[in-house]
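Worksheet: one structure, shown below.
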Amino acid sequence: MVSTSYSRQILDNIPNSVFVVNVHDTGLFSIKDVNKAQLAFINKERDEIVGKYTHEIFPAEVANHLKNVYQRCVNEGERISYEEKINLPDKGERYYLTTLTPLKDEDGAVTSLVGTSIDITEQKLTEQSLRKSEEQYRGFVQNSTEGIYLFEFRDPIDTTLPPLEQIPLFFKKGYMAACNEVMAEMYGYNDSNIIIGKNLEFFFGNEKSDHIIEYFKGIIEANYKIKDALSIELDKDGNPKYFLNSITGIIKDGYLTRVWGTQKDVTTEKAAEKQLQESLAEKNTLLSEIHHRVKNNLAVVSGMMQLQAYEAENDSLKEKLYDSVVRIKTMATVHELLYQSQSFSKLEFSDTLTRLVENISETLQTRTNVEVDIDCELIHLNINQAIPASLIVNEVLTNTYKHAFPNKEEGKINFTLSEKDKLIRIEITDNGIGFPSEKNTEQGSLGVHLIDVLSQQIEANYEYTNNKDGKGTYFSMSFKRTDSSEIADHQLS
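Pasting the structure below:
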């Protein structure tokens, strides 16, 4: 027979709270015995609680709670377990897992209850924290404007395999483990459960296109971590959908176990991009057609004028026709360079000037060997400035070729193009005979009239006189380089 002291020793060495409660016919409950763990829990001495009713020991709220659960065990007559939250003045709010076992007399009446309590406060706080975190996570996932998904594999994928061997395993063993509602809506479904559990074939279709292979190869080669990878998938009606995927693969011991990803629908943007590309292609086709027509028309007009000049017997008429031919070639040259540059705002002006000199030299065919020294900075002009400026240069150079070197075997023209603070400066000098002393320029000529009008069109200031040493002429023009949108609307008059 076990002695009372030995039983007490066993009871007091149990780390969990153990207590025995007497059941009274009055519906009250008193403490019959407790172990040391229970005394520590309620911060009482044994003689303070043994033999006393629960309402004499505990605060009213706690006493009422204990009376209710004790009475429940008495009524059911069976062992019960429950979680309880008890707020004691010196302990604060604590959580316990309590088990009550009823002890009965020979007639089956419950005479006492044996209880054990385990402190589960830390566990409950952890559960609450996890629950809160999960609620926040679910709220974030469900309220996200992007698709969020978890893709898992029935068997982990060996990441040491070549990409072309891994990809078939993705389709064979992978499945959608979880996703938010936005993800399902991207495919035209109103419930995420419809796509959960589906394999890759459900999203990509049966055909393994080159794009699909390259998409998954890109993920593998990026070590299963990639941002904004473009995938082309199928919605519920079989229509192509374009998605940007940011993916993070979870690898354990060299095996890919799952993939977390976010997905953004860019189908509308892709459609707009395609439409823009088609529109651009149509525009390029139209511009090409316009260019060829303008080029051909200018060539026809130039050819007709050259033919008329060849057949003309009047030297004055022949000269005027050749002048017009040079002007047409100047416009054609600018137009050709503009088309080749494929930009109305970036015509390289030094190339234009070089071509102008070649055209003038070929067309006028002077007997004098004219050396042209060109010093040009790399300057870009838009078409609204390039054509007028080129025509002005054409008039000056044409006049120089025609009049500067009569009866001379050699001549020299210096041409300078520079820019400072967006101010374009053009200077043309020659070592010819210069203008007659009584007049600097032929005020009544068409060429001078064109220079006046064209300089107004680009808001340029110019000077056209003899050199200070009296040898040759000097032309200087300056104007502000502007963007195409800043050009004033001037008309030839």
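Quick note: the sequence shown uses numbering that gives the first Met the number 0, first residue 0, plus one each step. Ideal Cβ placement from N, Cα and C applies to all residues, glycine included.
Within 8 Å (strictly less), CB to CB, does Ile218 reach chain D?
-> Absent from the structure is chain D; it holds one protein chain and no more.
Among the residues of its own chain, which have a CB less than 7 Å from the CB of Ser143, if the five just before and after it don't count?
-> The count along the sequence shown starts at 1 and reaches residue 143 at position 144. The answer, listed in chain order, is Asn179 and Val181.
What do you get for Leu390, buried or exposed, if any count of 16 or more other CB atoms within 10 angstroms of its CB means buried?
-> The residue given as residue 390 occupies position 391 in the sequence shown. With 16 or more other Cβ atoms within 10 Å, it is buried.
Counting pairs of beta carbons, one from the region 195 to 204 and one from the region 243 to 262, are three or more of them closer than 8 Å?
-> The region 195 to 204 makes no contact with the region 243 to 262: fewer than 3 CB pairs, one atom from each, lie closer than 8 Å.
Which residues in the same chain as Lys103 place their Cβ atom closer than 6 Å to its Cβ, once the five residues preceding and following it in sequence are excluded?
-> Here residue 103 is taken as the residue at index 104 of the sequence shown, counted from 1. Taking C-beta separations shorter than 6 Å and ignoring five residues to either side along the sequence, the partners of Lys103 in its chain run Val109, following chain order.
Kindly indicate the opening and closing residues of the alpha helix (DSSP H) around Asp209.
-> Residue mapping note: residue 209 aligns to position 210 of the sequence shown, counting from 1. Its alpha helix (DSSP H) spans residues Asp209 to Glu220.
Would you mind stating whether Ala183 and Ile193 have Cβ atoms separated by less than 8 Å?
-> Counted from its first residue, the sequence shown places residue 183 at position 184. Counted from its first residue, the sequence shown places residue 193 at position 194. In this structure, Ile193 lies closer than 8 Å to Ala183 by Cβ.
To which residues does DSSP link His262 through a beta bridge?
-> As a first step, residue 262 must be located in the sequence shown, where it is residue number 263. One point to set straight first is that residue 262 is Gln, not His, in the sequence displayed. For Gln262, which the question treats as bridged, DSSP gives the partners Gly146 and Asn244.
For Arg78, which residues of its own chain have a beta-carbon under 6 Å away from its beta-carbon, when the five flanking residues on both sides are left out?
-> Taking the first residue of the sequence shown as 1, we reach residue 78 at position 79. Within the same chain, Thr100 come within 6 Å of Arg78 by CB-CB distance, once the 5 residues on both sides are set aside.
Helix or strand or just coil, what does DSSP make of Leu10?
-> Walking along the sequence shown from the start, residue 10 turns up at place 11. The three-state secondary structure of Leu10, taken from DSSP, is helix.
Hey, is the region 452 to 470 in contact with the region 404 to 416, meaning 3+ C-beta pairs nearer than 8 Å?
-> The answer is no - the region 404 to 416 does not touch the region 452 to 470, with fewer than three Cβ pairs under 8 Å.
Would you be able to state if there are at least three C-beta pairs under 8 Å between the region 259 to 279 and the region 231 to 241?
-> Output reads yes: the region 259 to 279 touches the region 231 to 241.
Between the C-alpha atoms of Val49 and Ser29, what's the straight-line distance to the nearest angstrom?
-> Locating residue 49 in the sequence shown gives position 50, where the first residue counts as 1. Locating residue 29 in the sequence shown gives position 30, where the first residue counts as 1. Taking the straight line from one Cα to the other gives about 8 Å.
Pair within 8 Å by beta-carbon distance, Ser16 and Ser128 = Here residue 16 corresponds to residue number 17 of the sequence shown, with the count starting at 1. Here residue 128 corresponds to residue number 129 of the sequence shown, with the count starting at 1. Contact flag unset, no.
Would the beta-carbon of Asp157 fall within 8 Å of that of Tyr223?
-> Your numbering for residue 157 matches position 158 in the sequence shown. Your numbering for residue 223 matches position 224 in the sequence shown. For Asp157 and Tyr223, no; Cβs fall outside 8 Å.
Just the Cα atoms here: how many angstroms apart are Leu27 and Thr98?
-> Working through the sequence shown from its first residue, we reach residue 27 at position 28. Working through the sequence shown from its first residue, we reach residue 98 at position 99. Cα to Cα, Leu27 sits roughly 19 Å from Thr98.
Exposed or buried, Leu163, counting other C-beta atoms within 10 Å across all chains shown (16 or more means buried)?
-> On the sequence shown, position 164 is the one that residue 163 refers to. The residue in question, Leu163, is exposed, as its Cβ has fewer than 16 Cβ neighbours within 10 Å.
For Asp350, which of helix, strand or coil comes out of DSSP?
-> To locate residue 350, count along the sequence shown from 1; it is residue 351. Residue state, collapsed to three classes: helix.
In angstroms with no decimal places, state the Cα-to-Cα distance between Arg494 and Asn34.
-> Residue numbering for the chain in the displayed model covers 0 to 492; residue 494 lies beyond these limits and cannot be assessed.
Would you tell me roughly how many angstroms separate the C-alpha atoms of Thr353 and Leu396, rounded to the nearest one?
-> Working through the sequence shown from its first residue, we reach residue 353 at position 354. Working through the sequence shown from its first residue, we reach residue 396 at position 397. Computed Cα separation, rounded: 12 Å.
Within 10 angstroms of its Cβ, does Ile212 collect 16 or more other Cβ (buried), or is it exposed?
-> What you label residue 212 is simply residue 213 of the sequence shown in a count that begins at 1. Burial is judged here by how many other beta carbons sit within 10 angstroms of a residue's own beta carbon; Ile212 has fewer than 16 and is exposed.
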